[in-house]
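Student: Everything in the sequence shown is counted per the working numbering, starting at 28 for the first residue and increasing by one.
Using N, Cα and C, we set each Cβ at its ideal position, and we do this for glycine too.
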Amino acid sequence: MIENLYFIVEVEHFDQQIFSFNCVYIFICELALPVVDVYPRNQTVLEGRPTVMNCAAKGIPRPVLSWTFNDGELPPDAEIRNFSDQSILQLSKTSKSMEGWYKCKAKNKAGEACSKSTLHVLEKPTVTMTSKQLRSLLEGERLTLACQANEATKEIRWTKDGVPVNTRVKIYPTGNNSTLVIEKVLTSDSGKYSCKAVNKAGSASSSVDITVTDKTTVQWYFIVGPLLAVTVLALIAFYLWKRRIGGTIRAPIKSFAFLTQLVSEKHQTFIKVIIRNSTTLFCSQHAF
């Protein structure tokens, strides 16, 4: 506030020697309403990046500046730096929860004024992929992969082993989700399938490994496996019978047992044979 003091003097003359002085004191107070401006007025910031807003004001007397967020308190990590005629608000790591209106208010004895800035936060994409069946398929079966992304995602891209999927693959987008379908898979469809969610803030990926097995190979396991097991058992029985007839086994056999086990693991079959008598223990394992 600027105060000016003015003197008005009134002089009355009575005679040559007597004077009368009347003094009037006038105080003038100069006031000016605040004028405030926030910039930028509208901005879009990527999630995780810093945000800066500047508020400048003029007025008589010099206005006091303050900030609010959506007509309430500022975010916890907001930092304010005040100077003589401006105030700077900084958000070091912008998140989606900080999106909204930021208002700067300038106030002095003459009154107050406000200016607003709108902050939009571009959220990073997120994505997860699920397989609706086992990750190991037989040739001719149906493959379905579902990719689910958040609302911030603008585009979903599918790849197989780092290369865009071929024309045999059908893609069905639904909102923020996308589904990959192969009606009848081939062994060449084995590989690593990935879906990538993309927007201006960045990208996110999710992957799954798919293995397709030839049907003829699986049929061979189920047909030849049991036949081979029976053949091995027959050979063992014949061998033991021949030894007994030839008299090679001198000691009487107190106990005799054999056990076969057919195991299929990762499309490879093993036959485990255990032969036991009173003096020896014989164990063998055959893969085919």
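In whole angstroms, what is the alpha-carbon distance linking glycine 138 and cysteine 82?
Tutor: Position 111 of the sequence shown, counted from the first residue, corresponds to residue 138. Position 55 of the sequence shown, counted from the first residue, corresponds to residue 82. The straight-line gap from Cα to Cα measures roughly 17 Å.
Student: Glutamate 74 and lysine 151 - do their beta-carbons sit closer together than 8 Å?
Tutor: In the sequence shown, counting from the first residue as 1, residue 151 sits at position 124. In the sequence shown, counting from the first residue as 1, residue 74 sits at position 47. Yes, the Cβ-Cβ distance between lysine 151 and glutamate 74 is below 8 Å.
Student: Could you tell me the distance, in whole angstroms, from the CA atom of asparagine 97 to the CA atom of tryptophan 128?
Tutor: Mapped onto the sequence shown, residue 97 falls at position 70. Mapped onto the sequence shown, residue 128 falls at position 101. In a straight line, the C-alpha of asparagine 97 is about 5 Å away from that of tryptophan 128.
Student: Apply the 10 Å Cβ neighbour rule to asparagine 109 and answer buried if 16 or more other Cβ atoms are within range, or exposed otherwise.
Tutor: Numbered from 1 along the sequence shown, position 82 holds the residue referred to as residue 109. It is exposed - the Cβ of asparagine 109 has fewer than 16 other Cβ atoms within 10 Å.
Student: Are the beta-carbon atoms belonging to serine 7 and aspartate 64 less than 8 Å from one another?
Tutor: In the structure as shown, the chain starts at 28 and stops at 315, and residue 7 therefore has no counterpart that could be examined.
Student: Using C-beta distances below 6 Å, list every residue in its chain close to threonine 157, excluding the 5 sequence neighbours before and after it, in chain order.
Tutor: Counting from one through the sequence shown, the residue named residue 157 turns up at place 130. Ala173, listed in sequence order.
Student: Can you check DSSP and say which residues form a bridge with aspartate 216?
Tutor: Taking the first residue of the sequence shown as 1, we reach residue 216 at position 189. Looking at the DSSP assignment, aspartate 216 forms no beta bridge with any residue, so it has no partner.
Student: Leaving out the 5 sequence neighbours to the left and right, which residues in its chain are closer than 6 Å to glycine 229 when beta-carbon positions are compared?
Tutor: Within the sequence shown, the letter at position 202 stands for residue 229. Lys151, listed in sequence order.
Student: Quick one: residues in its chain with C-beta nearer than 7 Å to the C-beta of glycine 86, no 5 flanking neighbours on either side, listed in chain order?
Tutor: Translated into positions along the sequence shown, residue 86 becomes position 59. Answer for glycine 86: Ala59, Leu60, Pro61, Val62, Ala133, Asn135, Ala137, listed in chain order.
Student: Is DSSP giving valine 196 helix, strand or coil here?
Tutor: If you number the sequence shown from 1, residue 196 lands on position 169. The answer is coil: DSSP assigns valine 196 none of H, G, I, E or B.
Student: Under the assumption that serine 232 contacts lysine 242 (Cβ atoms under 8 Å), give the Cβ distance between them as a whole number of angstroms.
Tutor: What you label residue 232 is simply residue 205 of the sequence shown in a count that begins at 1. What you label residue 242 is simply residue 215 of the sequence shown in a count that begins at 1. Serine 232 to lysine 242, Cβ: 32 Å. No contact.
Student: So threonine 171 is in the beta strand (DSSP E); what residue range does that whole segment cover?
Tutor: The sequence position of residue 171 within the sequence shown is 144, counting from 1. It spans 170-176 - the beta strand (DSSP E) in which threonine 171 sits, taken as one unbroken run.
Student: According to DSSP, which residues form a beta bridge with proline 191?
Tutor: Mapped onto the sequence shown, residue 191 falls at position 164. Proline 191 pairs with Thr186.
Student: Measuring CB to CB, does serine 221 end up less than 8 Å from threonine 186?
Tutor: As a working note, residue 221 is residue 194 in the sequence shown. As a working note, residue 186 is residue 159 in the sequence shown. In contact: serine 221 and threonine 186 (Cβ atoms closer than 8 Å).
Student: On the DSSP letters alone, give me the boundaries of the beta strand (DSSP E) that glycine 229 sits inside.
Tutor: Walking along the sequence shown from the start, residue 229 turns up at place 202. Looking at the DSSP string, the run of the beta strand (DSSP E) that includes glycine 229 is 229-240.
Student: Under a three-way DSSP split, which group does phenylalanine 265 fall into?
Tutor: Along the sequence shown, one-based indexing puts residue 265 at 238. In this structure, phenylalanine 265 counts as helix in the three-state DSSP scheme.
Student: In terms of alpha-carbon separation, which member of Val196, Lys219, Arg169 lies closest to lysine 211?
Tutor: One-based indexing of the sequence shown puts residue 211 at position 184. If we check each option's Cα against that of lysine 211, Arg169 comes out closest.
Student: Let me know the secondary structure DSSP gives alanine 256 once reduced to three states.
Tutor: Position 229 of the sequence shown, counted from the first residue, corresponds to residue 256. Looking at alanine 256 - three-state DSSP - the assignment turns out to be helix.
Student: Rounded to whole angstroms, what's the CA-CA distance from arginine 89 to lysine 123? Just pull it up for me.
Tutor: Taking the first residue of the sequence shown as 1, we reach residue 89 at position 62. Taking the first residue of the sequence shown as 1, we reach residue 123 at position 96. Rounded to whole angstroms, arginine 89 to lysine 123 spans 35 Å at the Cα level.
Student: For phenylalanine 283, which three-state DSSP category applies?
Tutor: Against the sequence shown, residue 283 aligns to sequence position 256. Note that phenylalanine 283 scores a pLDDT of 39, beneath 50, so its modelled location is shaky and nothing firm can be said.
Student: What first and last residue would you give for the beta strand (DSSP E) that runs through proline 61?
Tutor: On the sequence shown, position 34 is the one that residue 61 refers to. It spans 59-66 - the beta strand (DSSP E) in which proline 61 sits, taken as one unbroken run.
Student: Identify which residue in Thr78, Glu166, Arg162 has its Cα closest to the Cα of serine 144.
Tutor: Here residue 144 corresponds to residue number 117 of the sequence shown, with the count starting at 1. Taking only the C-alpha atoms, the option nearest serine 144 is Thr78.
Student: In this structure, does DSSP put serine 124 in helix, strand or coil?
Tutor: Translated into positions along the sequence shown, residue 124 becomes position 97. Serine 124 falls in the helix class under three-state DSSP.
Student: From leucine 267 to alanine 261, what does the alpha carbon distance come to, in whole angstroms?
Tutor: Locating residue 267 in the sequence shown gives position 240, where the first residue counts as 1. Locating residue 261 in the sequence shown gives position 234, where the first residue counts as 1. Their backbone Cα atoms lie some 10 Å apart in a straight line.
Student: Determine the burial state of isoleucine 272: buried for a count of at least 16 other Cβ atoms within 10 Å of its Cβ, exposed for fewer.
Tutor: Your numbering for residue 272 matches position 245 in the sequence shown. Per the 10 Å Cβ criterion, exposed.
Student: Comparing alpha-carbon positions, which option in Pro67, Pro103, Arg68 lies nearest methionine 125?
Tutor: Start at 1 with the first residue of the sequence shown, and residue 125 comes out as number 98. The residue with the shortest Cα to Cα distance from methionine 125 is Pro103.
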